[in-house]
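Inspection log for the structure reproduced underneath, given as structure tokens.
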Amino acid sequence: MRTNVKLLPSAAPLDEVLHFIERSQLDHIPVVDGGNRFVGTISLADVRDIIYEPEMHELVTAQDLLEDDLVAVGPDETLEGLFNNFRMHRARDLIVLDEQTRCVIGIVEQRDVLQAMHIQQTGRQPPTDH
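Heads up, the final residue of the sequence shown is numbered 435 in this note's numbering, and it's a clean run with no missing numbers.
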């Protein structure tokens, strides 16, 4: 799990959302409210249709673009549960939340889960690229 996660404020205007997405390697951008609690995610697909509508840049905020399907898991999720979530959401990454505070703890990438499953099954690290 990666714990140094940049979060997008829900009040961020569309230009800030676009700039954030451009710099991110994530499939789902975590969005938080003023109390730093997770409120949802935004993906490039969510903004694709309005990128070229200049009048929308002044009207739309991150809050307006949130996905209905929250791609988040708890910190105690099993490898199998993570793998199933990846498959169900067709995502490369999942947001990990503190279940009581709804604050973002980190992000798990699909490759992290695959590597952990490899180690669990074989007892050794997979070879690294040089």
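Glycine residues also receive a C-beta, built at the ideal position from the N, C-alpha and C atoms.
Sequence-distant partners of E321 (beyond 5 residues in either direction) whose C-beta falls short of 6 Å from its own C-beta are missing from its chain. For T308, the three-state secondary structure derived from DSSP is coil. Secondary structure of P359 (DSSP, three-state): helix.
Around the beta-carbon of G345, 16 or more other beta-carbon atoms lie within 10 Å, marking it buried. Proximity of the region 399-413 to the region 335-354 meets the contact definition, three or more beta-carbon pairs being nearer than 8 Å. Around the beta carbon of H324, fewer than 16 other beta carbons sit within 10 angstroms, so the residue counts as exposed.
Residues G379 of the same chain have their beta carbon placed closer than 7 Å to that of E404, with the five preceding and five following residues left out of the count. Among the bridge pairs identified by DSSP, D398 is matched with E414. Per DSSP, V376 is not a residue of any alpha helix (DSSP H), being assigned neither H nor E. Taking the Cβ atoms as the reference, A421 lies roughly 19 Å from L402, outside the contact range of under 8 Å. Bridge partners of I326 according to DSSP: none are assigned. In chain order, D398 place their CB closer than 6 Å to the CB of L331, counting only its own chain and leaving out the 5 sequence neighbours on each side. A buried status is given to D351, since no fewer than 16 other beta-carbon atoms sit within 10 Å of its beta-carbon.
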